[in-house]
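Going line by line, the protein sequences match chains A and B.
In terms of numbering that gives the first Met the number 0, the first sequence opens at residue 0 and continues consecutively.
In terms of numbering that gives the first Met the number 0, the second sequence opens at residue 0 and continues consecutively.
Below is one structure, written out as structure tokens, with a few remarks after it.
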Amino acid sequence: MAKRVTGPEIEKLIQLLAKVPGLGPRSARRAALHLVKKKDQLMAPLAHAMGEAVVKVGVCSRCGNVDTSDPCTVCTDPTRDHSVIIVVEDVADLWALERAGAMNAAYHVLGGTLSPLDGVGPDDLNIRALVDRVAEGGVREVIIAVNATVEGQTTAHYITDRLAGLEIKISRLAHGVPVGGELDYLDEGTLTAALRARTAI
Amino acid sequence: MQWTDEAVILGTRKHGENSVIAEVMTRARGRHMGIVRSGRSKAMQPVLQPGNLVEVTWRARLEEHLGEFRLEPIRSRAAALMESAVSIYGVQAMAALLRLLPERDPHPHLFEALNVILDHFDDPLDACELYIRFELAVLNDLGFGLDLAECAATGARTDLAYVSPKSGRAVSRVAGEPYAERMLRLPAFLGEESRKAANSDSLVDAFGLTAYFLERHVYEPRGLKMTEARDGLREAALKALRRAHEREISA
Chain A
0 MAKRVTGPEI EKLIQLLAKV PGLGPRSARR AALHLVKKKD QLMAPLAHAM
50 GEAVVKVGVC SRCGNVDTSD PCTVCTDPTR DHSVIIVVED VADLWALERA
100 GAMNAAYHVL GGTLSPLDGV GPDDLNIRAL VDRVAEGGVR EVIIAVNATV
150 EGQTTAHYIT DRLAGLEIKI SRLAHGVPVG GELDYLDEGT LTAALRARTA
200 I
Chain B
0 MQWTDEAVIL GTRKHGENSV IAEVMTRARG RHMGIVRSGR SKAMQPVLQP
50 GNLVEVTWRA RLEEHLGEFR LEPIRSRAAA LMESAVSIYG VQAMAALLRL
100 LPERDPHPHL FEALNVILDH FDDPLDACEL YIRFELAVLN DLGFGLDLAE
150 CAATGARTDL AYVSPKSGRA VSRVAGEPYA ERMLRLPAFL GEESRKAANS
200 DSLVDAFGLT AYFLERHVYE PRGLKMTEAR DGLREAALKA LRRAHEREIS
250 A
């Protein structure tokens, strides 16, 4: 049996770091060692930032985004067009769309997609809040920006059904060739979708 | 242990950071699961979409192990299936039905039927008619098959209009009339007039008929709920038929 070389505090730190996505036990050990070496410059500010985040971060009751205020920064931003709501699966998708900066709209985070295999049904997602939000009025378009997977599109159709009857435009993201993509390397499904959604030049 | 077979992807579940557990319906080995290493990679995600036909190679040290899948795409249908509500709900509803069957129990005719139906989602009427027959086949394989060939009371093989909710057998119009309120309606396309195409009314009857027996014999005893995908398929098909009818009228 290998002898322990660190105290239980550092072992616990390594075990917790290993649970972070992208870090395995080996890289967690390296990260922990780095933190220990840079105790004042990195470890203490990180611990302070994490402590603050634990206390302040919450889920926005309006859109499902994570932020330190409720309603979140996006929902309270007066410069955004709140008549357009972009529906995304996860907060990571919201951040990705914001990085793109393509639209200055409001968001709604579902918290996943309908997945029968994982037992995720409509009640497990933030769909009812979306319907209530749209029904309140003031919304002219809902853009469903979910992943181009069968589960994602099932969710999109389900949301479309739930929003049917409300006087709004419902659209979804286009499917097709990614920027920088070479046709030779694309799968048949993407090529088929791209051809079906072709546009005139 | 190793085998190779054709299979239709039914669904996936995340496993660790990069892998997935794929659930497939194979031609010779029924519903089967296996780990797909790097299943969440950009190359594998399009292949692992429900409805796609793949060649699957399963490997494991022992028969009872979960095992590992290697997949080669044969036919990518997912993009086409995502185009309409009927097809997207249809593929999910069929996958949910196949999940009622025991794992690794061969049902080659269900594999063939699944493969055919997935290619016929363009026409909502055809798709739903085939889907209802698929539900009847699943009920049959689960041991609760309906006898829709002749009247349970008179033995008549014509003018069958009802199904007995108790026995699951067809009843002729004459014999069933006095109990019509308690009987389930038999849509014409499932009876002796099996060549007659379905319409909106018969589809509603058919969905009601199979739902009753699935609920009673399968979902309720197992403490399960019928999937939203099935309701979604029925509603999407009826909506598509209404739109087609309105277009016909306006033309």
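Beta carbons: idealized from backbone N, C-alpha and C, even for Gly.
Because the structure is a prediction, the values reported are computed rather than measured.
Looking from the CA of residue 78 of chain A, the closest CA among A/136, A/187, A/70 and A/104 belongs to A/104. Contact annotation: residue 189 of chain B and residue 131 of chain B have beta-carbon atoms nearer than 9 Å.
Beta-bridge annotation (DSSP): residue 114 of chain A is paired with A/119. Within 8 Å of the CB of residue 198 of chain A, no CB atom of chain B is found; the nearest one sits about 16 Å away.
Going by beta carbons, residue 87 of chain A and residue 138 of chain A fall outside the 9 Å limit. Within its own chain, no residue has a Cβ closer than 8 Å to the Cβ of residue 11 of chain A once the five positions on either side in sequence are excluded. The shortest CA-to-CA distance from residue 149 of chain B to any of B/129, B/137 and B/175 is the one to B/175. A distance below 9 Å separates the beta carbons of residue 79 of chain B and residue 191 of chain A. Per the C-alpha coordinates, the member of B/204, B/226 and B/147 positioned closest to residue 158 of chain B is B/147. Collapsing the DSSP output to three states places residue 249 of chain B in a helix.
Residue 33 of chain B sits away from residue 77 of chain B, with the two beta carbons spaced by 9 Å or more. The stretch 37-48 of chain B makes contact with the stretch 6-23 of chain B, as at least three CB pairs between them are under 8 Å. Taken in chain order, the members of the stretch 76-102 of chain B whose beta-carbon sits within less than 8 Å of a beta-carbon on chain A are 76, 77, 78, 79, 80, 81, 82, 84, 87, 88, 90, 91, 94, 95 and 98. Within chain B, the residues whose beta carbon sits less than 7 Å from that of residue 121 of chain A are 227, listed in sequence order. Note on geometry: alpha-carbon atoms of residue 42 of chain A and residue 8 of chain A lie some 14 Å from one another.
Here residue 167 of chain A is actually not in contact with residue 129 of chain A; their C-beta atoms are around 11 Å apart, not less than 8 Å.
Taking the C-beta atoms as reference points, residue 172 of chain A is found no nearer than 9 Å to residue 141 of chain A. Residue 231 of chain B reaches chain A at 153, 156, 157 and 160, counting residues in chain order whose Cβ is nearer than 9 Å.
The DSSP-derived three-state label of residue 193 of chain A is helix. Between residue 137 of chain B and residue 185 of chain B, the gap from beta carbon to beta carbon reaches 9 Å or more. Within the stretch 34-79 of chain B, the runs of beta strand (DSSP E) that reach at least 3 residues and sit entirely inside it are, in chain order, 52-58 and 67-74. In the three-state reduction of the DSSP assignment, residue 231 of chain B falls in the helix class, which pools H, G and I. Exclusion of the five residues before and after residue 209 of chain B leaves 131, 134, 135 and 138 as the residues of its chain whose Cβ lies within less than 8 Å of its Cβ. By the C-beta criterion, the stretch 219-239 of chain B is judged not to be in contact with the stretch 151-170 of chain B, since fewer than 3 inter-stretch pairs fall below 8 Å. In the three-state scheme derived from DSSP, where H, G and I count as helix and E and B as strand, residue 42 of chain A is classed as helix.
Contact with chain A is found for residue 11 of chain B, since one of that chain's Cβ atoms lies less than 9 Å from the residue's Cβ. Under a 10 Å Cβ-count criterion, residue 108 of chain B is classified as exposed, with fewer than 16 other Cβ atoms of the shown protein chains found around its own Cβ. When C-beta distances to chain A are compared with 9 Å, every residue of the stretch 154-173 of chain B stays at or above that value.
The DSSP-derived three-state label of residue 132 of chain A is helix. In the three-state reduction of the DSSP assignment, residue 25 of chain B falls in the strand class.
Listed in chain order, the positions of the stretch 175-189 of chain A with a beta carbon within less than 8 Å of a beta carbon of chain B are 186, 187, 188 and 189.
About 4 Å separates the beta carbons of residue 112 of chain A and residue 154 of chain A, which is inside the 8 Å limit, making them a contact pair. Nearest neighbour of residue 198 of chain B by Cα position, chosen from B/29, B/237 and B/216, turns out to be B/237. Cβ-Cβ separation between residue 170 of chain B and residue 151 of chain B: approximately 6 Å, consistent with a contact (criterion under 8 Å). Counting only residues of its own chain and dropping the five nearest sequence neighbours on each side, residue 1 of chain B has a CB closer than 6 Å to the CB of 58.
Residue contact with chain A for residue 210 of chain B: absent (no Cβ-Cβ distance below 9 Å to any residue of chain A).
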